[in-house]
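Participant:
There are 2 protein chains.
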Amino acid sequence: VNLRRLFDPDSIAVIGASATEGKLGYEAMRNVADFDGPCYPVNPHGEGEVFGREFVASIDEVGERVDLAMLAVPAPAVPDVIDECGEAGVGAAIVFAGGFAEVDEEGEALQDRLVEAAERHDVALLGPNISGYFMPHQDLYTSFATNPEVVEPGNVAVIAQSGGLAHSLAFQGVNEGWGFSGVVPLGNRAVIDFPPVVEYFDADPRTEAILLHVEGTDDARAMVETCEAIETPVAALPVGEHDVDDFAASHTGALTGDFDLYVGGFHQYGVPVVRSTTGLLDAGHALANAPVPDGANVGVVTGQAGPGIVIADRLQGHGASLPPLAEETRETISEVLPGMTYARNPVDTGRPMPGFSDLVGAVARDPNVDAVLVYMLYEEAAGFPPTGITDLPESTGKPVVFVTDGPREAVDEHLAAMESAGVPCFLTPERGADAVAAMLEYGRLNREDDREPRRERVPDGVDATDGGGSG
Amino acid sequence: VNLRRLFDPDSIAVIGASATEGKLGYEAMRNVADFDGPCYPVNPHGEGEVFGREFVASIDEVGERVDLAMLAVPAPAVPDVIDECGEAGVGAAIVFAGGFAEVDEEGEALQDRLVEAAERHDVALLGPNISGYFMPHQDLYTSFATNPEVVEPGNVAVIAQSGGLAHSLAFQGVNEGWGFSGVVPLGNRAVIDFPPVVEYFDADPRTEAILLHVEGTDDARAMVETCEAIETPVAALPVGEHDVDDFAASHTGALTGDFDLYVGGFHQYGVPVVRSTTGLLDAGHALANAPVPDGANVGVVTGQAGPGIVIADRLQGHGASLPPLAEETRETISEVLPGMTYARNPVDTGRPMPGFSDLVGAVARDPNVDAVLVYMLYEEAAGFPPTGITDLPESTGKPVVFVTDGPREAVDEHLAAMESAGVPCFLTPERGADAVAAMLEYGRLNREDDREPRRERVPDGVDATDGGGSG
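Chains A and B, in that order, are what the protein sequence lines are. So for the first sequence, this note's numbering puts the first residue at 77; every next one is plus one. So for the second sequence, this note's numbering puts the first residue at 77; every next one is plus one.
1. Leaving out five residues before and five after Gly113/B in sequence, what residues of the same chain have Cβ atoms less than 6 Å from its Cβ?
2. What are the residues that DSSP puts in a beta bridge with Gly258/A?
3. What residues from chain B crowd round His243/A, counting only those whose CB sits closer than 9 Å?
4. Specify, as a first and last residue, the run of the alpha helix (DSSP H) that Ala247/B falls within.
5. Along the chain, which unbroken stretches of the beta strand (DSSP E) at least 3 residues long are found entirely within the region 355 to 381 of chain A?
6. Taking 6 Å as the limit between beta carbons, can you name the residues of its chain near Gly355/B, skipping five residues before and five after?
7. What are the boundary residues of the beta strand (DSSP E) that Pro117/A is part of?
8. Please list the partners that Ala236/B has in chain A, where partner means a Cβ-to-Cβ separation under 8 Å.
9. For chain E, find out if any of its Cβ atoms is closer than 8 Å to the Cβ of His490/A; answer yes or no.
10. Are the region 134 to 143 of chain A and the region 103 to 119 of chain A touching by the rule of at least three beta carbon pairs closer than 8 Å?
11. If you compare alpha carbons, which of Arg297/B, Leu202/B, Gly464/B is closest to Val259/B?
12. Is Glu228/B close to chain A, meaning its C-beta is less than 8 Å from at least one C-beta of that chain?
13. Quick test of the definition: if touching needs 3 or more C-beta pairs under 8 Å, does the region 362 to 379 of chain B touch the region 417 to 436 of chain A?
14. Would you tell me roughly how many angstroms separate the C-alpha atoms of Val439/A and Ile306/A, rounded to the nearest one?
15. Please work out which residues of its chain come closer than 8 Å, Cβ to Cβ, to Val534/A, disregarding the five sequence neighbours upstream and downstream, and give them in chain order.
16. If you measure beta-carbon to beta-carbon, which residues of the region 431 to 454 of chain A are closer than 7 Å to chain B?
17. Identify the continuous alpha helix (DSSP H) that holds Thr36/A and give its terminal residues.
18. Go ahead and label Arg196/A buried or exposed: buried means 16 or more other beta carbons lie within 10 angstroms of its beta carbon, across all protein chains shown.
19. Am I right that His213/B and Ser257/B are in contact with their C-beta atoms under 8 Å? What's the rounded C-beta distance?
20. Ile88/A bridges to which residues according to DSSP?
21. Determine whether the Cβ of Gln187/A lies closer than 8 Å to any Cβ atom of chain B.
22. Using a beta-carbon distance below 8 Å, is Gln214/B in contact with chain A?
23. Please list, in chain order, the chain A residues whose beta carbon lies closer than 9 Å to that of Asp86/B.
24. Rounded to the nearest angstrom, what separates Gly98/A and Glu485/B at their Cα positions?
25. With a threshold of 8 Å between beta carbons, is Gln344/A in contact with chain B?
26. Verify the CB distance criterion: does Ser546/B have a CB-CB separation below 8 Å to chain A?
27. With distances taken Cα to Cα, identify the nearest neighbour of Leu413/B among Gly379/B, Ala493/B, Met299/B, Ala153/B.
28. Quick check on the burial criterion: 16 or more other C-beta atoms within 10 angstroms. Buried or exposed for Pro271/B?
29. Looking only at its own chain, which residues have a Cβ that is under 6 Å from the Cβ of Thr285/A, when we skip the five neighbours before and after it?
30. Work out the CA separation of Ala89/B and Val138/B for me, nearest whole Å.
31. Check for me: the beta strand (DSSP E) holding Pro314/B runs from which residue to which?
32. Within 10 angstroms of the Cβ of Arg282/B, are there 16 or more other Cβ atoms? Answer buried if so, exposed if not.
33. Val350/B and Phe342/B: beta carbons closer than 8 Å?
34. Quick one: complete beta strand (DSSP E) runs, 3+ long, within the region 125 to 197 of chain B?
35. Against chain A, with Cβ distances strictly below 8 Å, would Glu506/B count as a contact?
36. Excluding five sequence neighbours on each side, which residues of the same chain lie with their C-beta closer than 8 Å to the C-beta of Ala151/A?
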């Protein structure tokens, strides 16, 4: 499937466009009305304009000029409309309506007709039963959501089985100040399932990590094999550990399948598995913006012991090791912290002081250490924000993650600056520890079989800008 | 121990106050300079004023008029200063300095001298090795932190073994728009350990839930027995599941002890245990602002299936039950959602619609349901925010929790309104599910032995105002 006309269209039609506020066809039209190209509201009853675009009565009138049709029409009409679209030359379609295979046998039959129509005309069909996608780099929000344009450009792509979950992840990103290269819900996956969308984002130079939300798919093997074949790191949130099969089946027509099998499958094919939407977002943020660690040894430097203990506890719960530090590192620590006769890991400075970044540097250069987590509370009098640690990912090739707690109003700007310099930032001890653990897991899974990690990168200007925003 | 002079002083002295920015004695002075009462910077070398308060040379000069002394002096000087304070009539003290029992044998001896001095004069001593406390209702921030006044008044009290952790929780609350009745770090607990502080907040009418961060204590039994004896709900975050004993001992001089024993002890004495700082904060927010559920049966109503599945999955992982709904409820659902021939739990509306709150009401009144979780994405065209659900906690006596995802700028105001009407709000599916699970756990642990839940309340205006702010 060529997804160019779906995800990077030169022209759009909204079929079932409406001038009545609150209707799907109105909300969808509003979100694409500013599209930088032809955008046609299609409705046989439409008169005049909606959002400055003139109604056309039928897709026939404009079809050959339309890459992407967004269908805001009731389910029973969808197969015929797809036929019309295909005959008119439309290349791709998004179907919002539910009421297909997720409902009953009648719905299954309707979905079969839909698939036949799409395949007959080679229409790249997303859905049905979805809310549309966001492509913030193209300023393209093919959705009926409210204010989707708050979702900013970035370097992480989300592919979610559920439209609601896609929105959840996108809005969480907004609240973190993190952007996306794309947010794509799959819904019933009648035509387009995970593999081609994963491949699309792998080929997208703006995408540095891909996140999957998976309720279940008929072809799990194709999904995980695709993840293994690509270069871009992938992390996954499978759901359905407990008994939610009926509910999930009624949602996107998929059995959640055996949760443990999904987890095992992802692991086998190099994909770390996380346990929450927030954990998924954080894993993507870390994987997209820091080098992959060569091992599971974490050096922790903390300005405050309490959060440091929480972090050390949690990292070890994830299977990370906090190794003893090398002789040279211990000497540096003794110089900076003369009171300490031996240097532990975590390195606890009591309270940050001018030599804090020297300590972080020494730990980052320590041959026993594969990844560095730095914690420092917001306290201006104690040297927040830390300086001199943003060059470490490039000079050491190791990931350096900064974790803090502080009022967003006070810290966001500083964190944005650190992130644009290649240090992913997280608020709360646990989110920082979980994000580092996801990186370790990605490294571990992709070193097996003596494979090299599939991707080694140090941050550069372009990525940093794309991935900008604060922790 | 009478903690009135410690936590509600009429007068304060900062010993070791300084006019040099960045010094502890400067930062501490800055934070209490606006105190509504006498506040004396004490320093034999001090000249003139600092933050509008005139230096005094010695605590002797003002001691009989001082309730609380904050000690910003080096550890070796602390025991003698406590002696001077006691002789001068000072009632309570906060000791910032580290370098006591957490360090070495010499430090232990120093701490012994400190304890003797405090006990000799009956000084209520908090610390050593802490950052000071916040009492936002009194506008009192006895800390060297930066901008502690961003921590707002509320109805949840935090008692943390670590000052850093106390700040982490307080700042997380700031970022949620949630306030605190108090945030108290205990540090080395040389004199004041958990029990009297727990009792203090239980007696405080502004405190509706108490949160504990526990690394380890020499008298765990006294701690849990105190938690059981009081009326106010308590939730706890014990740390040290993995091997962090050395680090923890070097922090507040406590062995983390056996993690499983702590968890078991808390459970036995009616205290739910959470697994993260954020989970602790959320548990407190839920327990302080909603009635305690009578059982573990949750009714879930969701506007979007994907997040609803995540919530159902997670709730079941916590041991919650999602029971079938009663006949009457199913009838209401059929009326509002005519397409659905049988009504499941979670109730999935596809997308919210005008009858959404009728559904929530029917589920809340369902005799099979003990607690209600409502999820709705931010989508103005689909009825966000939901109306008509805020009267349900009062009319049904059951907790109703609202969970959403949306840009904070767009949703915060609406969530604040719902919270002030008695519906705790959370962003992200998992945080909502975890908070409900903590409430269920509190109810379960306190129904054992045929005990009634120790506390049954419906929200009232006073609590709601105190607990205001948004999710």
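Where a beta carbon is used, it is the ideal one built from N, C-alpha and C, also for glycine. From a predicted model like this one, the values you see are computed outputs, not experimental measurements.
Facilitator: With the structure as the only source:
1. If you number the second sequence from 1, residue 113/B lands on position 37. Around Gly113/B, the same chain offers Asp86, Ser87 as residues with beta carbons nearer than 6 Å, after the five sequence neighbours per side are excluded.
2. If you number the first sequence from 1, residue 258/A lands on position 182. DSSP, once it has assigned bridges, lists Ala233/A as partnering Gly258/A.
3. Translated into positions along the first sequence, residue 243/A becomes position 167. Taking the beta carbon of His243/A as reference, the chain B residues within 9 Å of it are Gln380, Gly382, Pro383, Leu453, Tyr454, Glu455, Asp481, Gly482, listed in sequence order.
4. The count along the second sequence starts at 1 and reaches residue 247/B at position 171. The sequence given here has Phe at residue 247/B, not Ala. Here the alpha helix (DSSP H) through Phe247/B covers 239 to 252.
5. The region 355 to 381 of chain A contains these whole beta strand (DSSP E) runs: 374 to 378.
6. Residue 355/B sits at position 279 when you count from the first residue of the second sequence. Taking C-beta separations shorter than 6 Å and ignoring five residues to either side along the sequence, the partners of Gly355/B in its chain run Asp510, following chain order.
7. Counting from 1 along the first sequence, the entry for residue 117/A is found at position 41. DSSP places Pro117/A inside the beta strand (DSSP E), whose first and last residues are 115 to 118.
8. Locating residue 236/B in the second sequence gives position 160, where the first residue counts as 1. Neighbours of Ala236/B across chain A, judged by C-beta separation under 8 Å: Gly382.
9. Here chain E cannot be found, since the structure's protein chains are A and B.
10. The answer is yes - the region 103 to 119 of chain A touches the region 134 to 143 of chain A, with three or more Cβ pairs under 8 Å.
11. Looking up residue 259/B in the second sequence gives position 183. Nearest to Val259/B by C-alpha distance, out of Arg297/B, Leu202/B, Gly464/B, is Leu202/B.
12. Translated into positions along the second sequence, residue 228/B becomes position 152. Not a single CB atom of chain A sits nearer than 8 Å to the CB of Glu228/B.
13. Taking a cut-off of 8 Å for Cβ pairs, the region 362 to 379 of chain B and the region 417 to 436 of chain A do not touch, as fewer than three such pairs fall below it.
14. Stepping through the first sequence from its first residue, residue 439/A is reached at position 363. Stepping through the first sequence from its first residue, residue 306/A is reached at position 230. The alpha-carbon of Val439/A is positioned some 33 Å away from that of Ile306/A.
15. In the first sequence, the residue the question calls residue 534/A occupies position 458. Its pLDDT being 36, under 50, Val534/A is placed unreliably in this model, and the coordinates cannot settle the point.
16. The region 431 to 454 of chain A vs chain B, Cβ under 7 Å: Leu453, Tyr454.
17. The structure shown has nothing for residue 36/A, since chain A only spans 77 to 547.
18. The residue given as residue 196/A occupies position 120 in the first sequence. Burial call: exposed.
19. On the second sequence, residue 213/B is found 137 positions in, with the first residue counted as 1. On the second sequence, residue 257/B is found 181 positions in, with the first residue counted as 1. Your pair His213/B and Ser257/B checks out as a contact, with CB atoms roughly 6 Å apart and the cut at 8 Å.
20. Residue numbering aside, residue 88/A sits at position 12 when the first sequence is read from its first letter. According to DSSP, which records beta bridges pairwise, Ile88/A is partnered with Cys115/A, Leu144/A.
21. Residue numbering aside, residue 187/A sits at position 111 when the first sequence is read from its first letter. Residue contact check for Gln187/A against chain B: no CB pair falls below 8 Å.
22. By one-based count along the second sequence, residue 214/B stands at place 138. Chain A contact via Cβ: absent.
23. Looking up residue 86/B in the second sequence gives position 10. By Cβ distance, chain A contributes nothing, its closest Cβ being about 28 Å from Asp86/B, past 9 Å.
24. Working through the first sequence from its first residue, we reach residue 98/A at position 22. Working through the second sequence from its first residue, we reach residue 485/B at position 409. Each residue's alpha carbon lies about 21 Å from the other.
25. Translated into positions along the first sequence, residue 344/A becomes position 268. Against chain B, the CB of Gln344/A has no partner CB under 8 Å away; the residue lies outside that interface.
26. As a working mapping, residue 546/B is identified with position 470 in the second sequence. The predicted position of Ser546/B is uncertain, since its pLDDT is 34 and thus under 50; no value can be drawn from it.
27. The residue labelled residue 413/B in the question sits at position 337 within the second sequence. For the residues Gly379/B, Ala493/B, Met299/B, Ala153/B, the minimum Cα distance to Leu413/B belongs to Gly379/B.
28. What you label residue 271/B is simply residue 195 of the second sequence in a count that begins at 1. With 16 or more other Cβ atoms from the protein chains shown falling within 10 Å of its own Cβ, Pro271/B counts as buried.
29. As a working note, residue 285/A is residue 209 in the first sequence. The amino acid at residue 285/A is misidentified as Thr; the sequence shows Ala. Result list for Ala285/A: Val232, Pro309, Gly360, Leu363, Ala364, in chain order.
30. Here residue 138/B corresponds to residue number 62 of the second sequence, with the count starting at 1. Here residue 89/B corresponds to residue number 13 of the second sequence, with the count starting at 1. Cα to Cα, Val138/B sits roughly 8 Å from Ala89/B.
31. Stepping through the second sequence from its first residue, residue 314/B is reached at position 238. Per DSSP, Pro314/B is one residue of the beta strand (DSSP E) stretching across 310 to 314.
32. As a working mapping, residue 282/B is identified with position 206 in the second sequence. Only buried fits Arg282/B, as 16 or more other CB atoms lie within 10 angstroms of its CB.
33. Here residue 350/B refers to the residue found at position 274 when the second sequence is read from its first residue. Here residue 342/B refers to the residue found at position 266 when the second sequence is read from its first residue. No, these two residues do not count as a Cβ contact at 8 Å.
34. Taking only runs of at least 3 residues, the beta strand (DSSP E) segments lying wholly in the region 125 to 197 of chain B are 144 to 147, 168 to 171.
35. Residue mapping note: residue 506/B aligns to position 430 of the second sequence, counting from 1. Cβ-Cβ to chain A under 8 Å: yes for Glu506/B.
36. The residue given as residue 151/A occupies position 75 in the first sequence. Spatial neighbours of Ala151/A in its own chain (CB-CB distance under 8 Å, excluding positions within 5 residues in sequence) are listed in chain order as Ala173, Gly174, Gly175, Phe176, Gly183, Leu186, Pro204.
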